[in-house]
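S.K.:
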Amino acid sequence: MEKDESLNKILELKEIEAEMSNSIEWERRPAQEREERMRQFHSRENIVRFDMKLANEDVGMLAFTSEQIPSPFLLPEMVERVASMLNYFLLQLVGPQRKSLSVKDPEKYEFRPKQLLKQIVEIYVHIARGDKGNVFPAAVSKDGRSYNAQLFTAAADILWKIGGDANIIKEFIELGNKAKAAASEAMDAEAALGEIPDEFLDPIQYTLMKDPVILPSSKISIDRAVIQRHLLSDNTDPFNRSHLTQDMLIPNVELKARIEDFIRRQGLRK
């Protein structure tokens with residue numbers, strides 16, 4: 001999705017808008033510099049308008065698809081990626097920096113933050129409704145880049161004010177509470193395990209592996225969900241760039257048994 005780049009371009013637009021609004025300082029600049037800044041401004045306007053149009057269509061499609069068939073979004077290789085994307089947009093739309101995204105004429109750029117917030121929250125709720133295994137709250141809270149429990153409260157407050165769907169808001173608040181609880185449980189579980197042997201840690205994420213698999217070329221063991229996420233965009237072994245597909249992964253049964261035994265023994269020591 002292009003929204004990440006679009007939001008950065010909006011910040012650049014605002015910067016040039018601020019320069020032009022200070023008319024005295026603006027007129028003092030050399031004509032050539034003013035012309036160059038105006039060229040940059042119009043170029044970014046066109047990029048933002050195009051990107052936002054595409055991104056609005058993408059979010060609308062995600063809102064529709066997640067309501068009809070939420071299960072693909074909950075696959076081990078997808079759920080954390082989707083949760084991180086939603087968390088990022090929630091942070092941009094209701095976080096401390098949200099005012100920096102306000103431009104003089106947002107409709108000109110097809111930037112509709114209220115509509116976007118409603119749709120992002122709908123996607124969260126649609127996925128949560130299909131989450132029979134209760135994996136989504138943990139995926140949401142596991143995102144170290146953008147997740148913050150307060151964002152769920154802030155988003156709900158804004159939605160009440162702008163007339164969001166009451167049931168959607170209530171379910172969104174419930175998801176926020178579940179994510180907060182999942183974060184607390186994860187911290188407790190990590191503390192209970194104590195120091196984890198390096199061989200049990202995923203070599204990319206440095207988290208305890210749940211389903212280790214062996215990469216046939218590099219012979220490195222990695223968590224299945226982590227390598228499946230990588231393979232969504234790149235069919236190579238991340239350690240030596242040789243060709244790799246999901247059907248080539250070899251379950252590391254022996255390592256998995258040792259990890260499960262470690263978890264069991266640590267649990268008995270509590």
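All residue numbers for the sequence shown refer to the UniProt record's numbering, where the first residue is 1 and numbers rise by one. Ideal Cβ placement from N, Cα and C applies to all residues, glycine included.
Would you mind reading off the limits of the alpha helix (DSSP H) that contains Ile220?
M.R.: To locate residue 220, count along the sequence shown from 1; it is residue 220. Here Ile220 belongs to no alpha helix (DSSP H), and DSSP marks it neither H nor E.
S.K.: Whose CA, out of Arg49, Leu255, Leu62 and Asn8, lies closest to the CA of Tyr124?
M.R.: For the purposes of this step, residue 124 is taken as the residue at position 124 of the sequence shown. The shortest C-alpha separation from Tyr124 is found at Leu62.
S.K.: Can you give me the start and stop residues for the alpha helix (DSSP H) that Val213 sits inside?
M.R.: Stepping through the sequence shown from its first residue, residue 213 is reached at position 213. Looking at the DSSP string, Val213 is not in any alpha helix (DSSP H); the run it does join, the beta strand (DSSP E), is Pro212 to Ile214.
S.K.: When the Cβ atoms of the region 245-254 are set against those of the region 211-223, are three or more pairs found closer than 8 Å?
M.R.: The answer is yes - the region 211-223 touches the region 245-254, with three or more Cβ pairs under 8 Å.
S.K.: On the DSSP letters alone, give me the boundaries of the alpha helix (DSSP H) that Asn167 sits inside.
M.R.: As a working note, residue 167 is residue 167 in the sequence shown. DSSP places Asn167 in the uninterrupted alpha helix (DSSP H) bounded by Ala166 to Leu193.
S.K.: To test your reading of the DSSP string, which unbroken alpha helix (DSSP H) runs of 4 or more residues are found completely within the region 75-117?
M.R.: 79-94
S.K.: Less than 8 Å between the C-beta atoms of Ile16 and Phe41, yes or no?
M.R.: Residue mapping note: residue 16 aligns to position 16 of the sequence shown, counting from 1. Residue mapping note: residue 41 aligns to position 41 of the sequence shown, counting from 1. A contact, by the Cβ cut-off of 8 Å.
S.K.: By DSSP's criteria, Leu201 is part of a beta bridge. Which residues make up the other side?
M.R.: Translated into the one-based positions of the sequence shown, residue 201 becomes position 201. BP columns for Leu201 point to Leu208.
S.K.: Are the CB atoms of Leu117 and Leu93 within a distance shorter than 8 Å?
M.R.: As a first step, residue 93 must be located in the sequence shown, where it is residue number 93. As a first step, residue 117 must be located in the sequence shown, where it is residue number 117. It is a contact, given that the beta carbons lie within the stated cut-off.
S.K.: Does the contact criterion of 3 or more C-beta pairs under 8 Å hold for the region 66-82 versus the region 136-143?
M.R.: Flag = yes, the region 66-82 and the region 136-143 touch.
S.K.: Quick one: Cα of Gln246 to Cα of Gln228, how far?
M.R.: For the purposes of this step, residue 246 is taken as the residue at position 246 of the sequence shown. For the purposes of this step, residue 228 is taken as the residue at position 228 of the sequence shown. If I take the Cα positions, the gap works out to 7 Å.
S.K.: Nearest-angstrom Cα distance between Glu2 and Ser84?
M.R.: As a first step, residue 2 must be located in the sequence shown, where it is residue number 2. As a first step, residue 84 must be located in the sequence shown, where it is residue number 84. Unreliable placement is indicated for Glu2, whose pLDDT of 49 sits below 50; no coordinate value is reported for it.
S.K.: According to DSSP, His230 sits in a beta bridge with which residue or residues?
M.R.: What you label residue 230 is simply residue 230 of the sequence shown in a count that begins at 1. Its beta-bridge partners do not exist; DSSP assigns none.
S.K.: What do you reckon, are the CB atoms on Phe111 and Met52 nearer than 8 Å?
M.R.: By 1-based counting over the sequence shown, the position of residue 111 is 111. By 1-based counting over the sequence shown, the position of residue 52 is 52. In contact: Phe111 and Met52 (Cβ atoms closer than 8 Å).
S.K.: Please classify Asn8: is it buried, with 16 or more other beta-carbons within 10 angstroms of its beta-carbon, or exposed?
M.R.: In the sequence shown, the residue the question calls residue 8 occupies position 8. Counting Cβ neighbours within 10 Å, Asn8 comes out exposed, since fewer than 16 surround it.
S.K.: Please report how far the alpha carbon of Gln115 lies from the alpha carbon of Ala179, in whole angstroms.
M.R.: Indexing the sequence shown from 1 puts residue 115 at position 115. Indexing the sequence shown from 1 puts residue 179 at position 179. Gln115 and Ala179: Cα-Cα distance of roughly 24 Å.
S.K.: Please report the residue range of the alpha helix (DSSP H) in which Gly60 lies.
M.R.: On the sequence shown, position 60 is the one that residue 60 refers to. First-last of the alpha helix (DSSP H) with Gly60: Ala31 to Gln68.
S.K.: Helix, strand or coil: which one does DSSP assign to Pro137?
M.R.: Here residue 137 corresponds to residue number 137 of the sequence shown, with the count starting at 1. In the structure shown, Pro137 sits in a helix (DSSP, three-state: H, G or I).
S.K.: Classify Tyr109 as buried or exposed, calling it buried when 16 or more other Cβ atoms lie within 10 Å of its own Cβ.
M.R.: For the purposes of this step, residue 109 is identified with residue 109 of the sequence shown, where counting begins at 1. The residue in question, Tyr109, is buried, as its Cβ has 16 or more Cβ neighbours within 10 Å.
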